[in-house]
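Protein chains: 2
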Amino acid sequence: RPRLIVFGNEKGGSGKSTAAVHVAVGLARAGKRVAALDLDARQGSLSRYLAGRDQSLPTPPTVAIQRSALPVVADADEEERRQLDAAIGRFGSYEFIVLDTPGSDSNLTRLAHARADVLVTPINDSFVDLDLLARIDPDTHNITGPSLYSEMVWEQRKRRALSDGQTIDWIVMRNRMGHVEGRNKRVIADILAALAKRIGFRLAPGFGERVIFRELFLKGLTLLDLGSDTGHSMTLSHVAARQEVRALIDAILAAPPPR
Amino acid sequence: RPRLIVFGNEKGGSGKSTAAVHVAVGLARAGKRVAALDLDARQGSLSRYLAGRDQSLPTPPTVAIQRSALPVVADADEEERRQLDAAIGRFGSYEFIVLDTPGSDSNLTRLAHARADVLVTPINDSFVDLDLLARIDPDTHNITGPSLYSEMVWEQRKRRALSDGQTIDWIVMRNRMGHVEGRNKRVIADILAALAKRIGFRLAPGFGERVIFRELFLKGLTLLDLGSDTGHSMTLSHVAARQEVRALIDAILAAPPPR
Ligand SMILES: Nc1ncnc2c1ncn2[C@@H]1O[C@H](COP(=O)(O)OP(=O)(O)OP(=O)(O)O)[C@@H](O)[C@H]1O
Ligand SMILES: Nc1ncnc2c1ncn2[C@@H]1O[C@H](COP(=O)(O)OP(=O)(O)OP(=O)(O)O)[C@@H](O)[C@H]1O
Ligand SMILES: [Mg+2]
Ligand SMILES: [Mg+2]
Chain A
1 RPRLIVFGNE KGGSGKSTAA VHVAVGLARA GKRVAALDLD ARQGSLSRYL
51 AGRDQSLPTP PTVAIQRSAL PVVADADEEE RRQLDAAIGR FGSYEFIVLD
101 TPGSDSNLTR LAHARADVLV TPINDSFVDL DLLARIDPDT HNITGPSLYS
151 EMVWEQRKRR ALSDGQTIDW IVMRNRMGHV EGRNKRVIAD ILAALAKRIG
201 FRLAPGFGER VIFRELFLKG LTLLDLGSDT GHSMTLSHVA ARQEVRALID
251 AILAAPPPR
Chain B
1 RPRLIVFGNE KGGSGKSTAA VHVAVGLARA GKRVAALDLD ARQGSLSRYL
51 AGRDQSLPTP PTVAIQRSAL PVVADADEEE RRQLDAAIGR FGSYEFIVLD
101 TPGSDSNLTR LAHARADVLV TPINDSFVDL DLLARIDPDT HNITGPSLYS
151 EMVWEQRKRR ALSDGQTIDW IVMRNRMGHV EGRNKRVIAD ILAALAKRIG
201 FRLAPGFGER VIFRELFLKG LTLLDLGSDT GHSMTLSHVA ARQEVRALID
251 AILAAPPPR
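Line order of the protein sequences matches chains A and B.
In this text, residue positions in the first sequence follow the working numbering: the first is 1, and each later residue adds one.
In this text, residue positions in the second sequence follow the working numbering: the first is 1, and each later residue adds one.
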């Protein structure tokens, strides 16, 4: 059955859709049978990014899961669950399904997390973003406890273990990293390394802050579609960005180290 | 009655909470009677940023508005509306109330927008962020129509005009601007200038990408609290950041030009 790769982080703008699009396109370009589900249908960043894509390029089929408008919450949640599982079922013969989730707590967000084989969480190099992952002591920078998002992930991990005994391979990747070394960057790196052991995720190579990750949105292109053969010029930043995407995909495809 | 300053953008991570905190603290430090309402209580970036604050520093009283857990959507919406208006009423003698909203469509988000005297929308220099404000032609970069978020703002503007004849002063500010001039930055600037006339907002000076806007979060400090008198050293970036916050506050306090 397909390997489900969920891009999740309750923190808005951490880079879920950006990472999801580049991984989905990267897998398609590598000849994998991959589909994409957009669980943030209203904003639709993933759907709209891929909708603009030239038909001749390798492109994952993409389905948006609409939020239910039913007036009673329990009914709406159930309708969404059925739609999500139906969409997953449609791609039963695929190797991978990439799921992009909204930057807020919602029924669809939680359902996706519970179904993840691999959960990829991008995070900005920021104490503001970190605050959703863990509570940090202002003076010692020690981890004083988990926070909302890690608690939600743990709850979905439990739910998954109870339902089919499977584990969720949780990967955290830094996104929009500054290109200048500085105290903030080092502090965040140290905290994430400690957090990985404590919360149970592994760190994957992340993305630097690069305009190429966002300037091709309107054309439905990613930097992976560019290259000397396509007539686009390659800058050092493009080459670096390409390596970042490949390193992330390699990390996702690698089995997690034994616990 | 207090002037309500709402920080809104359905796009996650555009900088609402960051701008809200710096404007709220800036107004408090300028001696204004200002309170802050956090409508993103689950994530709580605004509340948690200000909660860490030293009591001796000028600090706006801050109230978080909880989301309703009532099982029927219409009842939950009504409970949230009552809680929001009660909180606004509590600060009836204040000069300003700053409202931070979630990066997603929700009842509280829409209620806040309808009550705004000034709506401040931060946006990243990104076609991905722009996509929620307007649909853009990939080749000509012409504006082909409004998008979800601008439609929501217009709907709340209509609602407000019908209820008390008031208008909403809508300000858009670029956030996390790169420090290198480049084609993407120029293109976005041109589109925003055209969009301002077409959609009916004015552009305010924005914030550059600066670590100082996020590295003081754990200590509850903002760059406005630093200075030679406080013993902290001031870098060029701090001075520039300080000017950016003051320019934004000046723009917010300025009456919009007659339409
Ligand atoms: N590595 C990067 N370099 C440059 N810009 C980036 C990078 N990653 C993301 N961005 C930009 O940052 C913003 C947020 O990214 P994105 O929309 O992917 O985040 P998200 O987590 O999906 O947000 P949401 O919570 O709204 O779904 C967008 O404007 C995007 O173009
Ligand atoms: N001007 C800036 N310079 C550097 N970092 C910034 C700047 N503005 C925001 N950030 C960082 O970008 C991230 C998103 O900012 P913020 O949380 O304020 O956005 P938001 O719109 O409130 O997000 P959400 O939709 O989740 O509520 C945070 O990690 C924040 O610290
Ligand atoms: Mg997204
Ligand atoms: Mg926020």
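Glycine is no exception: its CB is placed at the ideal position from the N, C-alpha and C atoms.
Between the C-alpha atoms of residue i and residue j, what's the straight-line distance to the nearest angstrom?
{"i": "A:S47", "j": "B:R48", "result": "33 Å"}
{"i": "B:F127", "j": "B:L84", "result": "33 Å"}
{"i": "B:T109", "j": "A:G31", "result": "42 Å"}
{"i": "A:E151", "j": "B:F91", "result": "34 Å"}
{"i": "A:S147", "j": "A:A134", "result": "4 Å"}
{"i": "A:A76", "j": "A:A69", "result": "7 Å"}
{"i": "B:L132", "j": "A:V172", "result": "27 Å"}
{"i": "B:L236", "j": "A:V180", "result": "16 Å"}
{"i": "B:I168", "j": "B:R159", "result": "11 Å"}
{"i": "B:L37", "j": "B:A64", "result": "6 Å"}
{"i": "B:L78", "j": "B:H113", "result": "The sequence given here has Glu at residue 78 of chain B, not Leu. If I take the Cα positions, the gap works out to 16 Å."}
{"i": "B:P71", "j": "A:P71", "result": "9 Å"}
{"i": "A:E244", "j": "B:A189", "result": "28 Å"}
{"i": "B:V6", "j": "B:A241", "result": "21 Å"}
{"i": "A:P138", "j": "B:K185", "result": "35 Å"}
{"i": "B:A204", "j": "A:R82", "result": "45 Å"}
{"i": "B:N9", "j": "B:Y149", "result": "7 Å"}
{"i": "A:L99", "j": "A:P61", "result": "12 Å"}
{"i": "B:S56", "j": "A:F201", "result": "39 Å"}
{"i": "B:P256", "j": "B:R1", "result": "19 Å"}
{"i": "B:A87", "j": "B:R33", "result": "15 Å"}
{"i": "A:D129", "j": "A:K11", "result": "6 Å"}
{"i": "B:G165", "j": "B:E155", "result": "14 Å"}
{"i": "A:E80", "j": "B:S104", "result": "18 Å"}
{"i": "B:G269", "j": "B:W170", "result": "Residue 269 of chain B is absent from the structure shown; chain B starts at 1 and stops at 259."}
{"i": "B:N107", "j": "A:R214", "result": "30 Å"}
{"i": "B:V187", "j": "B:K197", "result": "16 Å"}
{"i": "A:G145", "j": "B:R42", "result": "17 Å"}
{"i": "B:L221", "j": "B:V21", "result": "10 Å"}
{"i": "B:L39", "j": "A:R29", "result": "42 Å"}
{"i": "A:G331", "j": "A:S45", "result": "The question about residue 331 of chain A has no answer, for chain A in this structure spans 1 to 259."}
{"i": "B:H141", "j": "B:I199", "result": "16 Å"}
Which residues in chain C sit within 7 Å of residue i, going by Cβ to Cβ distance?
{"i": "B:R42", "result": "Considering every chain present, this structure includes no chain C. Its protein chains are A and B."}
Between residue i and residue j, which are expected to be in contact by the criterion C-beta below 8 Å, what is the C-beta distance as a whole number of angstroms?
{"i": "A:I143", "j": "A:A194", "result": "6 Å"}
{"i": "B:S14", "j": "B:N124", "result": "6 Å"}
{"i": "B:E209", "j": "B:R246", "result": "Not really, about 18 Å apart at Cβ, beyond 8 Å."}
{"i": "A:A35", "j": "A:Y94", "result": "5 Å"}
{"i": "A:V153", "j": "A:L111", "result": "At roughly 13 Å, the Cβ-Cβ gap does not stay under 8 Å, so A:V153 and A:L111 are not in contact."}
{"i": "B:R67", "j": "B:T59", "result": "Between B:T59 and B:R67 the Cβ distance is about 25 Å, and since that is not below 8 Å, they are no contact."}
{"i": "A:L226", "j": "A:M234", "result": "7 Å"}
{"i": "B:P122", "j": "B:A19", "result": "5 Å"}
{"i": "A:V23", "j": "A:L216", "result": "Not quite, the Cβ-Cβ distance comes to about 15 Å (not below 8 Å), so this is no contact."}
{"i": "A:L218", "j": "B:I191", "result": "So it is not a contact: roughly 11 Å between Cβ atoms."}
{"i": "B:F96", "j": "B:L162", "result": "About 25 Å separates the two Cβ atoms, so there is no contact after all."}
{"i": "B:L4", "j": "B:R115", "result": "6 Å"}
{"i": "B:G182", "j": "A:V211", "result": "6 Å"}
For this session: Mind checking the segment 64 to 90 of chain B against chain A and listing, in chain order, the residues whose C-beta falls within less than 7 Å of any C-beta there?
Result: P71, V72, V73 and A74
Exercise. Quick one, what's near ligand 3 if you take every residue whose CB is closer than 5 Å to any heavy atom, in chain order?
Worked result: A:K16, A:S17 and A:S45
Exercise. Of all the beta strand (DSSP E) runs that stay within the bounds of the segment 136 to 170 of chain B, which reach a length of 3 or more residues?
Worked result: 143 to 146
Exercise. Using a Cβ cut-off of 7 Å, which residues of the segment 205 to 234 of chain A contact any Cβ in chain B, in chain order?
Worked result: V211, R214, E215, F217, L218 and K219
Exercise. Which of the residues in the segment 103 to 132 of chain B, read from start to end, lie with their CB under 9 Å from any CB of chain A?
Worked result: G103, S104, D105, S106, N124, D125, S126, F127, V128, D129, L130, D131 and L132
For this session: Kindly provide the ranges of any alpha helix (DSSP H) runs that are 4 or more residues long and lie completely inside the segment 205 to 238 of chain B, ordered along the chain.
Result: none
For this session: Below 9 Å between beta carbons is the criterion; list the residues of the segment 27 to 60 of chain B that meet it against any residue of chain A, in chain order.
Result: D40, R42, Q43, G44, S45, R48, Y49 and G52
Problem set entry | Short-range partners of chain B found in the segment 6 to 22 of chain A, where Cβ spacing is below 8 Å | E10, K11, G12, G13, S14, S17 and T18
For this session: Jot down the residue ranges of each uninterrupted alpha helix (DSSP H) in the segment 175 to 209 of chain A, minimum 4 residues, whole runs only, in chain order.
Result: 183 to 195
Problem set entry | Contained beta strand (DSSP E) runs [length at least 3] in the segment 19 to 88 of chain B, N- to C-terminal order | 34 to 38 and 62 to 64
For this session: Would you list, in chain order, the members of the segment 163 to 182 of chain A that have their beta-carbon closer than 8 Å to a beta-carbon of chain B?
Result: G178 and G182
Exercise. Quick one, which residues of the segment 184 to 205 of chain B are near chain A if we go by CB-CB under 7 Å, in chain order?
Worked result: N184
For this session: Counting only runs of 4+ residues fully inside the segment 85 to 122 of chain A, write out the alpha helix (DSSP H) ranges in chain order.
Result: 107 to 115
Problem set entry | Proximal residues, the segment 136 to 147 of chain B versus chain A, C-beta separation under 9 Å | I136, D137, P138, D139 and H141
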